[in-house]
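Per my numbering, residue 82 is the first one in the sequence shown, and the count goes up by one each step.
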Amino acid sequence: MLTSCGPALSTALRRAAGPAGLASFHCSARRRRSARVAVVLSGCGVYDGTEIHEASAVLVHLSRGGAEVHMYAPDVPQMHVIDHSKGQPAEAESRNVLVESARIARGKIASLAKLTTADHDAVIFPGGFGAAKNLSTFAVDGKDCKVNREVERVLKDFHKAGKPIGLCCISPVLAAKVLSGAEVTVGHEEEEGGKWPYAGTAGAIKELGAKHCVKEVTISFPDDFHVERQYKVSVFSLTPFYEAHVDTKNKVVTTPAFMCETELHKIFDGIGAMVKNVLKLTGK
82 MLTSCGPALS
92 TALRRAAGPA
102 GLASFHCSAR
112 RRRSARVAVV
122 LSGCGVYDGT
132 EIHEASAVLV
142 HLSRGGAEVH
152 MYAPDVPQMH
162 VIDHSKGQPA
172 EAESRNVLVE
182 SARIARGKIA
192 SLAKLTTADH
202 DAVIFPGGFG
212 AAKNLSTFAV
222 DGKDCKVNRE
232 VERVLKDFHK
242 AGKPIGLCCI
252 SPVLAAKVLS
262 GAEVTVGHEE
272 EEGGKWPYAG
282 TAGAIKELGA
292 KHCVKEVTIS
302 FPDDFHVERQ
312 YKVSVFSLTP
322 FYEAHVDTKN
332 KVVTTPAFMC
342 ETELHKIFDG
352 IGAMVKNVLK
362 LTGK
């Protein structure tokens, strides 16, 4: 079988395999169990539910990381329904958070009441106004908000079990409210000409007793980055660095996502940094 690879490669593989032989290279020989991650949705659509791009980014990065994913949502009415073409409430219309979330989950979703730490290694909350309207009352009550009973239970249970919690966009306010002293980020604390339109959220997070950490969605480097070393100058290119804040003590990982007005691919990759750190903290 190895002869087709050429004698040099065949010899190198046998040496690298060591006493265990080539079987040690077989993926099933030392396969680790995938991390089981719960994703909690809050409806379908940025203005009254889950931000769909963020949910998709979370799911793609979890898939790429080899995680086993299960989706949940509270079985409760939405605060209201927004006509996304107008940005205005749709009068005399009501929708259910679980039913709407099933659109994103392609029907494979369960009531949040069924989510337990025993069956999962981590939990992630994508953003969207649903986190502030359906998972909590933050959109209306700010620092005096209440968190949905099941959402609060899940956050406390995962925290108590020492299992990581990931949140992005506006959803870090849930951790700020429920987990005393948690460190989170929603990006910057000033609007900066409209780049950070929801910067006021950082102040509310501090009032909730959490620590807000200023983070970017991405840190970009110039194409040519010069470093002097003993009178010689090396020129090389650095790829952008996507930020997520990791509260190692509480195992809470957050990233700004659409709290910032920036390109979609940067949002996608920033969420990837959050997911990667969540998976790393599971140890799987």
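Heads up, the beta-carbon is just placed ideally off N, CA and C, and yes, glycines get one too. Since the model is a prediction, treat every value here as computed from it, not as a measurement.
Open item on the list: In the DSSP assignment, the beta strand (DSSP E) including Asp238 goes from what residue to what residue?
Closed with: Residue range Arg230 to Lys241 is occupied by the alpha helix (DSSP H) that includes Asp238, with no beta strand (DSSP E) assigned at that position.
- [ ] Evaluate Leu360 with the Cβ neighbour count: other Cβ atoms within 10 Å of its Cβ, from every protein chain shown; 16 or more gives buried, anything less gives exposed.
- [x] Leu360 is buried by the Cβ-count criterion.
Open item on the list: Going by DSSP in three states, Ala104 sits in which element: helix, strand or coil?
Closed with: For Ala104, the predicted structure reports a pLDDT of 43, less than 50, and the residue's modelled location is therefore unreliable. A value from the coordinates is still provided. In the structure shown, Ala104 adopts helical secondary structure according to DSSP, grouped into three states.
Task: Leu236 versus Arg230: straight-line alpha-carbon distance, rounded - done: For Leu236 and Arg230, the distance between alpha carbons rounds to 10 Å.
- [ ] Would you give the residue range spanned by the alpha helix (DSSP H) that Phe74 belongs to?
- [x] Since the displayed the chain opens at 82 and closes at 365, residue 74 lies outside it and no answer follows.
Task: Three-way DSSP call (helix, strand, coil) for Gly223 in this model - done: Helix, per DSSP.
TODO: Determine the direct distance from the alpha carbon of Pro207 to that of Val180, and round the result to whole angstroms.
DONE: Between Val180 and Pro207, the C-alpha separation is close to 17 Å.
Task: DSSP state of Ser166 mapped onto helix, strand, coil - done: Here Ser166 sits in coil by DSSP.
Task: Secondary structure of Met160, DSSP reduced to three states - done: Three-state DSSP puts Met160 in coil, outside helix and strand.
- [ ] State buried or exposed for Asp225, treating a residue as buried only when at least 16 other CB atoms are found within 10 Å of its CB.
- [x] The residue is exposed, with fewer than 16 neighbouring Cβ atoms inside 10 Å.
Task: Cutoff 8 Å; reference Ala116; Cβ partners in own chain excluding five residues on either side - done: The beta carbon of Ala116 is closer than 8 Å to those of Gly146, Gly147, Ala148, Glu149, Asp202, Ala203, Leu360, Thr363 and Lys365 in its chain, skipping five residues each way along the sequence.
Task: Coil, strand or helix - Ala354 by DSSP - done: Helix at Ala354.
Task: For Glu270 and Gly290, the rounded distance between their alpha carbons - done: Rounded to the nearest whole angstrom, the C-alpha separation of Gly290 and Glu270 is 16 Å.
TODO: Determine the contact status of Lys195 and Val228, defining contact as a CB-CB distance below 7 Å.
DONE: Not a contact, by the Cβ cut-off of 7 Å.
Open item on the list: Assuming the contact rule is C-beta atoms closer than 8 Å, Ile251 and Val267 should be a hit. Round their C-beta distance to whole Å, please.
Closed with: Between Val267 and Ile251 the Cβ distance is about 7 Å, and since that is below 8 Å, they are a contact.
Open item on the list: Classify His165: buried if its beta carbon has 16 or more other beta carbons within 10 angstroms, exposed otherwise.
Closed with: Per the 10 Å Cβ criterion, exposed.
Open item on the list: Quick check on Ala171: does DSSP put it in helix, strand or coil?
Closed with: Ala171 falls in the coil class under three-state DSSP.
Task: Helix, strand or coil at Thr198 according to DSSP, with G and I counted as helix - done: Helix at Thr198.
Open item on the list: To the nearest angstrom, how far is the alpha carbon of Lys189 from that of Ala283?
Closed with: Approximately 34 Å between the Cα atoms of the pair.
- [ ] Determine which residues share a DSSP beta bridge with His293 and list them.
- [x] Bridge partners of His293 according to DSSP: Val265.
Open item on the list: Would Ala173 and Val162 qualify as a contact pair, given that the criterion is a beta-carbon distance under 7 Å?
Closed with: At a Cβ-Cβ threshold of 7 Å, Ala173 and Val162 do not count as neighbours.
Open item on the list: Less than 7 Å between the C-beta atoms of Val139 and Ile205, yes or no?
Closed with: Result yes, Cβ atoms of Val139 and Ile205 sit closer than 7 Å.
TODO: Using three-state DSSP, classify Ile251 as helix, strand or coil.
DONE: In the structure shown, the three-state DSSP call for Ile251 is coil.
- [ ] Give the straight-line distance between the Cα atoms of Lys347 and Leu248, rounded to the nearest whole angstrom.
- [x] The alpha-carbon separation between Lys347 and Leu248 amounts to approximately 16 Å.
- [ ] Apply the 10 Å Cβ neighbour rule to Glu264 and answer buried if 16 or more other Cβ atoms are within range, or exposed otherwise.
- [x] It is buried - the Cβ of Glu264 has at least 16 other Cβ atoms within 10 Å.
Open item on the list: Rounding to the nearest angstrom, what Cα-Cα distance links Ser182 and Gly126 in this structure?
Closed with: Between Ser182 and Gly126, the C-alpha separation is close to 9 Å.
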